[in-house]
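Novice: Residue 1 is where the sequence shown starts when you use full-length UniProt numbering, and the numbers rise one by one after that. Here a beta-carbon is modelled for each residue, glycine too, at the ideal position from N, C-alpha and C. So that we are looking at the same thing, I have put the structure below in structure tokens.
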Amino acid sequence: MCRNRKLGCHWSGKIDELLEHLRSCVYEIKKEECSHCKEGFSLSEYQSHVDQCPKMTVACPLKDHGCKETKEMTREECIEHLSSKDGLFNHIVMMFAALFSLSTGPLKSESGGSDSKYCSALPTAPRRYVSTDEPSPSPGPGSDLGYLEDGVAGAVGGGRYGDMGGGRVDNKLMSLVMTKITGIQAELTKKDSQIHTLQDKVAQLETTLSTKMSENEDRDFRLSLMENSNFDGSMVWKIPQFSQRMDDARTGKYASIFSLPFYFSRYGYKMCLRLYILGDGIGKGTHMSLFFVVMKGEFDNILQWPFTHKVTFKLINQCGARDIIDIFQPDPLSSSFQKPKSDMNVASGCPRFVSMNELMQGGFIVDDTIFIKVKVDTATMRHP
1 MCRNRKLGCH WSGKIDELLE HLRSCVYEIK KEECSHCKEG FSLSEYQSHV
51 DQCPKMTVAC PLKDHGCKET KEMTREECIE HLSSKDGLFN HIVMMFAALF
101 SLSTGPLKSE SGGSDSKYCS ALPTAPRRYV STDEPSPSPG PGSDLGYLED
151 GVAGAVGGGR YGDMGGGRVD NKLMSLVMTK ITGIQAELTK KDSQIHTLQD
201 KVAQLETTLS TKMSENEDRD FRLSLMENSN FDGSMVWKIP QFSQRMDDAR
251 TGKYASIFSL PFYFSRYGYK MCLRLYILGD GIGKGTHMSL FFVVMKGEFD
301 NILQWPFTHK VTFKLINQCG ARDIIDIFQP DPLSSSFQKP KSDMNVASGC
351 PRFVSMNELM QGGFIVDDTI FIKVKVDTAT MRHP
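Structure, rendered in structure tokens:
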């Protein structure tokens, strides 16, 4: 019998075989030095120590698949590398990407190899220390996933955490990893909800901003009109680029153009002019037609209707010669001079304001510009 029988050894044999047995007896009290940490262990302790020795050098299991750390490190350094605040999340993402690739088809590593090459690149405990007391599972569907999972765990914990051949995986470590993953997933779900909430708020703010910008543009436009408007019932309309406007009329691009609004008084009628350069109605093709337009204003409810004030048109001769003047009296029965129901009433005025021949020859066009003056008789106006 072995002298270590009380310690648990059940060997029995001949005396001349005892010495050979004691050399390999795991209960024999002698020290075996670990080549990694240089500490001594009994034979019964040696195997389990080597499987988890913190000084054993390993590489990051994902060094060829996204991790920037390519140098080998001790197992304790690898644990710190994988479990640091930033490292844990990044490596979980890398592992999930690798597992997903394996589950959806043959995985190609960055170097172009197949999934078997990818898995063989995962570091693990040396084969001489891998436990063989449990049978390896036969390959089948999804076996690559388990191989990769055990490889990642084995790179950190060796035999204690898992075997590349499909051995055991330490429950404590995997529980910790799953707890971390669950926490990260919950945090991601929370962040995703916050992002959607913020996106909704941004969309609302963009809508509000767009509305406000539109309102501001409308207000600025109104202010610009007010700043450039007259409030005494008269206006001088400067029309530059006259030849271009005439060409636009010939091609049908713009048959007519409108002046800026002007006002009878600060709180009076709102009006503008409409000009057909090549004529309209009975003056089309032979005369330039000029019309007066009553517009919808802010103070219409306190004004007298219909509009009955005399209107005078004047085409100014820029060479000092005779101006062309036309006067018309509004028809109180015409819809053109009733209280406006839309933005503008139908234009009314002088379809034969000036003939085309007279317009071209009389000094009315200078520097490709003409000037038209309009004057509304305000003498009989009852101011609000």
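My assumption, with CB atoms under 8 Å, is that T286 sits in contact with M356. Please give the rounded CB distance.
Specialist: Rounded, the Cβ-Cβ distance is 6 Å, consistent with contact.
Novice: Three-state secondary structure (DSSP) at F364?
Specialist: If DSSP states are grouped into helix, strand and coil, F364 belongs with coil.
Novice: Based on Cα-Cα distance, which residue from K339, M271, E77 lies nearest to S259?
Specialist: Measuring from the Cα of S259, the nearest candidate turns out to be M271.
Novice: Considering only C-alpha positions, which residue in the set Y46, C34, G40, F41 is nearest to T57?
Specialist: The shortest C-alpha separation from T57 is found at C34.
Novice: For K310, collect the residues of the same chain with a Cβ closer than 7 Å to its Cβ; drop the 5 residues on either side in sequence, then sort them by chain order.
Specialist: The answer, listed in chain order, is I327, Q329, D377.
Novice: What are the start and end residues of the alpha helix (DSSP H) that includes T251?
Specialist: 242–251 is the span of the alpha helix (DSSP H), which, as asked, contains T251.
Novice: Buried or exposed: where does S348 fall if 16 or more other Cβ atoms within 10 Å of its Cβ makes it buried?
Specialist: So S348 counts as buried.
Novice: When we look at the beta-carbon of G268 and count the other beta-carbons within 10 Å, is it buried (16 or more) or exposed?
Specialist: That one is buried.
Novice: Drop a sphere of 10 angstroms on the beta-carbon of R322, count the other beta-carbons inside from all chains shown, and report buried for 16 or more, exposed for fewer.
Specialist: So R322 counts as exposed.
Novice: Tell me which residues share the same chain as S342 and place their Cβ nearer than 6 Å to its Cβ, disregarding the 5 neighbours each side in the sequence.
Specialist: Nothing meets the Cβ criterion.
Novice: How would you write the range of the beta strand (DSSP E) that S83 sits in, first residue to last?
Specialist: Premise fails: S83 lies in the alpha helix (DSSP H), 75–83, not in any beta strand (DSSP E).
Novice: Along the chain, where does the alpha helix (DSSP H) containing S24 start, and where does it finish?
Specialist: 18–24 is the span of the alpha helix (DSSP H), which, as asked, contains S24.
Novice: Pick from R274, E358, P332: whose alpha carbon is nearest that of V293?
Specialist: The residue with the shortest Cα to Cα distance from V293 is R274.
Novice: Can you have a look at H49 and say buried or exposed, based on whether 16 or more other CB atoms are within 10 angstroms of its CB?
Specialist: When all chains shown are included, H49 counts as buried.
Novice: So which of F262, T74, P61, K71 has the shortest CA-CA distance to L88?
Specialist: The candidate whose alpha carbon is nearest that of L88 is P61.
Novice: What are the uninterrupted segments assigned as beta strand (DSSP E) that are 3 or more residues long and contained completely in the UniProt domain "MATH" (232–376), given in chain order?
Specialist: Here the runs fully enclosed are 234–239, 270–276, 287–295, 311–315, 324–328, 348–355, 370–376.
Novice: Can you say whether D163 is buried or exposed, counting buried as having 16 or more other CB atoms within 10 angstroms of its CB?
Specialist: Since pLDDT at D163 reaches only 39, below the 50 mark, its modelled position is unreliable, and the value read off the structure follows with that caveat. It is buried - the Cβ of D163 has at least 16 other Cβ atoms within 10 Å.
Novice: Which residues does DSSP list as the beta-bridge partners of T57?
Specialist: According to DSSP, which records beta bridges pairwise, T57 is partnered with T74.
Novice: In whole angstroms, what is the alpha-carbon distance linking S83 and A59?
Specialist: Looking at the two C-alpha atoms, the distance is approximately 15 Å.
Novice: Just to check my reading of the structure: I92 and I181 have Cβ atoms closer than 8 Å, yes? What is that Cβ distance to the nearest angstrom?
Specialist: I92 to I181, Cβ: 6 Å. Contact.
Novice: Note down, in chain order, each residue of its chain lying with its Cβ closer than 8 Å to the Cβ of C53, except the 5 sequence neighbours on either side.
Specialist: Answer for C53: C34, H36, C37, R75, G158, listed in chain order.
Novice: Pull up the distance between the alpha-carbon of T308 and that of S334, whole angstroms please.
Specialist: Whole-angstrom Cα-Cα distance: 10 Å.
Novice: For my contact list, I324 and I239 are in at a C-beta cut-off of 8 Å; report their separation, rounded to the angstrom.
Specialist: Not a contact, Cβ separation roughly 15 Å.
Novice: Count the other C-beta atoms from every protein chain shown that fall within 10 angstroms of the C-beta of N345, then say buried if there are 16 or more, exposed otherwise.
Specialist: That one is buried.
Novice: With which residues is G13 paired in a DSSP beta bridge?
Specialist: Looking at the DSSP assignment, G13 forms no beta bridge with any residue, so it has no partner.
Novice: Tell me which same chain residues have a C-beta within less than 7 Å of the C-beta of S21, skipping the five on either side of it?
Specialist: Inspection of the sequence shows that residue 21 is occupied by His rather than by Ser. Excluding sequence neighbours, H21 sits near C2, W11, G13.
Novice: Report all residues from its chain with a CB closer than 7 Å to the CB of R127; omit the five preceding and five following residues, and keep chain order.
Specialist: Residue confidence for R127 is low, a pLDDT of 36 falling below 50, so the modelled location carries little weight; the figure read from the coordinates is stated next. Same-chain partners within the cutoff: there are none.
Novice: Compute the distance between the beta-carbons of C350 and S289, then report whether it is under 8 Å.
Specialist: Yes.
Novice: Rounded to whole angstroms, what's the CA-CA distance from C78 to I184? Just pull it up for me.
Specialist: Those two C-alpha atoms are separated by around 21 Å.
Novice: Note down, in chain order, each residue of its chain lying with its Cβ closer than 8 Å to the Cβ of R250, except the 5 sequence neighbours on either side.
Specialist: Cβ within range, chain order: L278.
Novice: Across which residues does DSSP place residue 388 in a beta bridge pair?
Specialist: The chain is shown from 1 up to 384; residue 388 falls before or after that span and cannot be answered.
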